[in-house]
Amino acid sequence: MRSNAMVAMILAGGRGSRLHDLTKKVAKPAVHFGGKYRIIDFPLSNCANSGINTVGVLT
Numbered sequence: 066m067r068s069n070a071m072v073a074m075i076l077a078g079g080r081g082s083r084l085h086d087l088t089k090k091v092a093k094p095a096v097h098f099g100g101k102y103r104i105i106d107f108p109l110s111n112c113a114n115s116g117i118n119t120v121g122v123l124t
């Protein structure tokens, strides 16, 4: 039997030097965007909408 399992890895590390004022107190993936979402929400949503249910976040 063939498995169609898919795993996604989201690269969320780095210093966030270009977002310095926004990343003084919070990690780059947790920075709010548009008042309602966080930056990490976009790739997570893309994975969920693509049927990928196993996601790793590399920080």
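Sequential numbering from 66 applies to the sequence shown in my numbering.
Glycine residues also receive a C-beta, built at the ideal position from the N, C-alpha and C atoms.
If you're wondering where the values come from, they're calculated on a predicted model, not measured in any experiment.
Cross-strand partners of M74 (DSSP beta bridge): Against the sequence shown, residue 74 aligns to sequence position 9. In the DSSP output, where bridge partners are listed per residue, M74 has G121.
Status (buried if at least 16 other CB within 10 Å, exposed otherwise) for K90: Numbered from 1 along the sequence shown, position 25 holds the residue referred to as residue 90. Exposed is the call here.
Exposed or buried, which one is K35 when buried takes at least 16 other CB atoms within 10 Å? Past the boundaries of the shown model lies residue 35; the chain is included only from 66 to 124, so the question cannot be answered.
Looking at P94 and R80, is the spacing between their C-beta atoms short of 8 Å? On the sequence shown, residue 80 is found 15 positions in, with the first residue counted as 1. On the sequence shown, residue 94 is found 29 positions in, with the first residue counted as 1. No, they are not a contact pair.
Three-state secondary structure (DSSP) at R83? Reading the sequence shown from its first residue, position 18 is the one you call residue 83. R83: helix per DSSP, three-state reduction.
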